[in-house]
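Colleague: Submitted below is the structure of interest, expressed as structure tokens.
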Amino acid sequence: ALFLPIGSPTLLMERSEYSDFLRELGIQMHYPERRPTCIVCVSARWISETEEVKVMSSPSPKTVHDFFGFAESLYQVQYLARGDAEFAAQVGEALERWEIPWKFDGTRGYDLGCWSPLSLIFPAADVPILQVSLSGNLDEAFHVRLGKALGELRDCGFLLVCTGGVTHSLLDLSFGESDPNPAWQSADEAWDARSSKLCSWNKHKDDNIRIAASSSHPTREHFLPLLVASGSGGPRS
Numbered sequence: 004a005l006f007l008p009i010g011s012p013t014l015l016m017e018r019s020e021y022s023d024f025l026r027e028l029g030i031q032m033h034y035p036e037r038r039p040t041c042i043v044c045v046s047a048r049w050i051s052e053t054e055e056v057k058v059m060s061s062p063s064p065k066t067v068h069d070f071f072g073f074a075e076s077l078y079q080v081q082y083l084a085r086g087d088a089e090f091a092a093q094v095g096e097a098l099e100r101w102e103i104p105w106k107f108d109g110t111r112g113y114d115l116g117c118w119s120p121l122s123l124i125f126p127a128a129d130v131p132i133l134q135v136s137l138s139g140n141l142d143e144a145f146h147v148r149l150g151k152a153l154g155e156l157r158d159c160g161f162l163l164v165c166t167g168g169v170t171h172s173l174l175d176l177s178f179g180e181s182d183p184n185p186a187w188q189s190a191d192e193a194w195d196a197r198s199s200k201l202c203s204w205n206k207h208k209d210d211n212i213r214i215a216a217s218s219s220h221p222t223r224e225h226f227l228p229l230l231v232a233s234g235s236g237g238p239r240s
């Protein structure tokens, strides 16, 4: 499971430390023991406005250019990965096991949060990719549970890629100190504690930290994919 910044739409056109990192990651992911059978992408740019998450079911998703004001060449980019009905059904079954309401979406295309980083990791677009939406109506704890459900698919060779940003208010960015981590009795306990703390990201007892959190994320959609990624790594029950 990966959590990746979406970055600027110019990520493909401008070389940077981040774009170099993604290309190097792609080299590593193409080793036979690491190459996924399917990628499930949870992007900050796809939010269901109902209490159901949506699962992409198109066999040939289009490339969505969900940004404006950039060079015309960016609007010509086509990332021609394919969907897969069988893998989409497996995603649905995993969601049902965790009692997560969902439905298929046959018209959704790959948004910037999906195709921009993945086109650098898997430039040949030769691994099936399915997107799963966030829920705009459900809380942080729900998205941790969504991560737990999707995390089960790792044992089937799926790669979970969650994209967003740990900050999304770049004009007002500052750094603070955090409390030291306590000792936990087990890895599962520590992971649950981390997920619980992430769920309270904007409810800190310190007013300054709470204000800074809300300033970093005036809206929460870029933070929720981090919760999904965190949930995927924790205990299975």
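Just so you know, we're using the numbering used here here: the sequence shown kicks off at 4 and counts up by one. Cβ atoms here follow ideal geometry from the backbone N, Cα and C, with glycine treated the same way.
(1) Where do the ends of the beta strand (DSSP E) carrying residue 136 lie?
(2) Between residue 104 and residue 55, what straight-line distance do the alpha-carbon atoms span, to the nearest angstrom?
(3) Using the C-alpha atoms, what's the distance from residue 210 back to residue 84?
(4) Identify whether residue 49 lies in helix, strand or coil by the three-state DSSP scheme.
(5) The alpha helix (DSSP H) that contains residue 159, what's its start and end?
(6) Using the beta-carbon count (16 or more within 10 Å), is residue 214 buried or exposed?
(7) Given a threshold of 16 other Cβ atoms within 10 Å of its Cβ, counted over all protein chains shown, does residue 160 qualify as buried or as exposed?
(8) Indicate whether the contact test is met: 3 or more Cβ pairs, each with one atom in the region 32-46 and one in the region 128-141, closer than 8 Å.
(9) Could you have a look at residue 107 and say whether DSSP puts it in helix, strand or coil?
(10) Which class does residue 167 belong to by DSSP, given the choice of helix, strand or coil?
(11) Is the region 24-35 touching the region 72-79, taking contact as three or more C-beta pairs under 8 Å?
(12) DSSP beta-bridge partners for residue 66?
(13) How many Å lie between residue 8 and residue 116 at the Cα?
Modeller: So, to answer that:
(1) Run containing residue 136: none; DSSP gives neither H nor E here.
(2) The straight-line gap from Cα to Cα measures roughly 5 Å.
(3) Their backbone Cα atoms lie some 45 Å apart in a straight line.
(4) Annotated three-state conformation of residue 49 is coil, per DSSP.
(5) Looking at the DSSP string, residue 159 is not in any alpha helix (DSSP H), and its letter there is neither H nor E.
(6) Burial is judged here by how many other beta carbons sit within 10 angstroms of a residue's own beta carbon; residue 214 has fewer than 16 and is exposed.
(7) Exposed, because fewer than 16 other Cβ atoms sit within 10 Å of the Cβ of residue 160.
(8) Yes, the region 32-46 is in contact with the region 128-141.
(9) Three-state DSSP puts residue 107 in a strand.
(10) strand
(11) no
(12) 113
(13) 8 Å
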